[in-house]
Structure formats: C-alpha cells, structure tokens
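Chemist: In our numbering, the protein residues as written are 208 to 481.
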Amino acid sequence: MLEMGESAGRVHTQGGAAPSAAGPHAAGAAPAPSPWVRGPVWDGAWMLSALWLLPLALWLTRGSSDPETSPLDLLFLALTALFWIGHRLCSAWLAYCTEAYRPLLRAQPVRFVAVPLAVTAGCFAVLLPPDTALAWTRPERVVGLAILDYALVTYHFAAQHFGALSLYRARVGRGGCVRTRRLDRLFALGVGGALVFLADVLAGATAYHDLWIGRWFVPAWLASGQDEIRRGATLVLLAVTAAVLFAEARAPRRSLPRMLYILGISAMVAVALQ
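1. Is the Cβ-Cβ distance between Val403 and Thr344 less than 8 angstroms?
2. Would you call the CB atoms of Val379 and Ile472 closer than 8 angstroms?
3. Comparing alpha-carbon positions, which option in Leu445, Tyr468, Ala479 and Glu455 lies nearest Leu409?
4. Per DSSP, what kind of secondary structure is Thr441 in: helix, strand or coil?
5. Looking only at its chain, what residues have a beta carbon closer than 7 angstroms to the beta carbon of Ala274, apart from the 5 residues adjacent to it on each side?
6. With 16 other CB atoms within 10 Å as the buried threshold, where does His152 fall?
7. Is His294 buried or exposed, if buried means 16 or more other CB atoms sit within 10 Å of its CB?
8. Measure how close the beta-carbons of Arg465 and Leu372 come, nearest whole angstrom, since I'm counting them as under 8 angstroms.
9. Rounded to the nearest angstrom, what separates Ala285 and Val326 at their Cα positions?
10. Which residue comes first and which comes last in the alpha helix (DSSP H) that contains Gln367?
11. In whole angstroms, give me the CA-to-CA distance for Ala366 and Val476.
12. Flag this pair as yes or no: are the beta carbons of Cys384 and Arg376 separated by less than 8 angstroms?
13. Reducing DSSP to helix, strand and coil, say where Arg381 ends up.
14. Going by beta-carbon coordinates alone, are Phe369 and Val447 separated by less than 8 angstroms?
15. Specify, as a first and last residue, the run of the alpha helix (DSSP H) that Met475 falls within.
16. In the DSSP assignment, find the alpha helix (DSSP H) that holds Gly329 and state where it starts and stops.
17. Among residues of its own chain, excluding the 5 on either side of Arg271, which ones have a beta-carbon nearer than 6 angstroms to its beta-carbon?
18. Determine the direct distance from the alpha carbon of Ala342 to that of Leu463, and round the result to whole angstroms.
19. Cα separation between Leu301 and Phe331?
20. Cutting at 7 angstroms between CB atoms, please list the residues of its own chain near Gln433, excluding the five before and the five after it.
21. If distances are taken between C-alpha atoms only, which option among Tyr308, Leu467 and Cys304 comes closest to Pro242?
22. Could you check the C-alpha separation between His232 and Ala456 for me, to the nearest Å?
23. Can you tell me whether Val317 is buried or exposed? The criterion is at least 16 other CB atoms within 10 Å of its CB, across all chains shown.
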C-alpha cells in the first residue's frame, strides 16, 4: 500500500512534459508542471480537506460538552453514509463490475480473487465455531477481529497519507529523493498511524474499548496516565511536524501543497490528543 503512492507519483511525473534541453524560453517549451494534483480549488476540497474540515468540526461542537450530542454527530453520520460506505461500494464495483479493471483483475487474480475469498473463509472459520471449540470464546474472537480490523484500517489511512505526500513530491520533480521519501514514511506511519491510534485509545474511540484495554496488547497504565501521555505525544507531534516542515522549506523545489497537507494532518492529530 505504501508503494501505491510512489507508483502514482511516477505516473504523474512521467505524464508531464519533460523540460526542453534548450531551456524554458525555447520555442515550444512546455511550462513547468503544477505542484497541485489538479488545482488549488480541487486539491483544497479533496486532498487538503483537513484544512476546512477541522475548523468546521470545532465550530459545530462549540458550546457542547459532548460532541455526540452536537451538530457534529449529524455531519459525521452524513459523511459516513455518503463517502465512507460509498467509497467501499464503489471500490468493489470498479474492481469487479467495470471493463476498465478487467485487465488488472486478470493480471492479479491472487489479489482480487484468492485473498478476498481467503479472508471471507477465515472470518467464518473464526466466528462460526461454538465457544468450546476454540481456545477463545466467540465474543473474544469478535473483539480480536475488531482489533485486527482497526489496526489494518489505521495502517491503510497512514498509507494513504504517504501516497498523497508522494504525489505532491513527484509533482515538483522530487519523486526519486530517498531522504524525503523516508521522512514522508516516518510522518505518515508515525503521525498518521501511531499517534492517531494513541489518540483513539485515550479518547475511548476504539471498538470494544472497555474489553481490550489492559487485556489486548494495550497496558492498563495507558488509561491511568492519560495526561502525561497526551503531553508527551503532543511534544512528539510538534517535533516531527517541525522537522518535516523544516526539511520541506530547505528543499530546492519546495511544495506548498505538501506543507499544507502536513499541517492539516498534524492539526487534526493535535486536536484529537487533547
């Protein structure tokens, strides 16, 4: 998944016209590619949505002690129904029901056929046996699968952050920069993955939170020392964000969209840690 952003970035880079050997002012020379994927407005609405979703969420929760009773809950429901569920249905439709993906489906049968069937069969094999058939009871197995699903989803979102940063890196001709690629991976997995997981645990937003804290891979002291952990995690967030932004500012071909993307993700994680 982390490599998908790199592949997409290479497509964007290769798709742009190469600069003429005679220089930028030569007749017929193509202009420099835009640092945006499509443009400031489109990118701002879809790629950099954290920059407007976060202020909107804070505004909707003003004056409310519980976000679940604020208008933010209705917005969350609407976004879930329109985009989160729709995204999954559309992905399945594109992969299995359109001609455009037929060559890819035939070229990668393990990825698109064997793995989904194996996952489905595995879930039935874990959930269907009675409590006495396996070492764990059925409720414990449900909790275990929920934890696994949450871990994979968190990694998936972190990989998407890496992919977005890779696209913007490629748009300014830095797709092959190994050092920046490593920084992007560190930021995506560290801030967009590990710190998001930590914030969800501290907020009690994980599935079956009361069942697996202190029992399932998460020690009980994580809940008892919340204030100190929040402060420490916030310091780590600030340090990593500052380091990545500093490296971007010093780059010979810096990217404004990359900096905005980093700021948007960091701001959301900072609010989640409070």
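We put the beta carbon where it would ideally sit given N, CA and C, even for glycine.
Small disclaimer: the values here were computed from a predicted structure and weren't measured.
Modeler: Put simply:
1. no
2. No.
3. Ala479
4. helix
5. Correcting the residue type first, residue 274 is Pro in the shown sequence and not Ala. Hits under 7 angstroms: Thr268 and Asp280.
6. The structure shown does not extend to residue 152, since the chain spans only 208 to 481, so no value can be given for it.
7. exposed
8. 6 angstroms
9. 29 angstroms
10. Arg345 to Arg378
11. 16 angstroms
12. yes
13. Looking at Arg381 - three-state DSSP - the assignment turns out to be coil, as it is neither helix nor strand.
14. Against a cut-off of 8 angstroms, the Cβ pair of Val447 and Phe369 comes out as no contact.
15. Unbroken alpha helix (DSSP H) run through Met475: Leu463 to Ala479.
16. Val322 to Leu334
17. Checking the sequence, you will find Ser at residue 271 rather than Arg. Setting aside the 5 residues that flank it on each side, Ser271 is surrounded in the same chain by Ser277, each with a C-beta closer than 6 angstroms to its C-beta; the list follows chain order.
18. 53 angstroms
19. 26 angstroms
20. Leu409
21. Leu467
22. Since pLDDT at His232 reaches only 46, below the 50 mark, its modelled position is unreliable, and the value read off the structure follows with that caveat. His232 and Ala456: Cα-Cα distance of roughly 27 angstroms.
23. exposed
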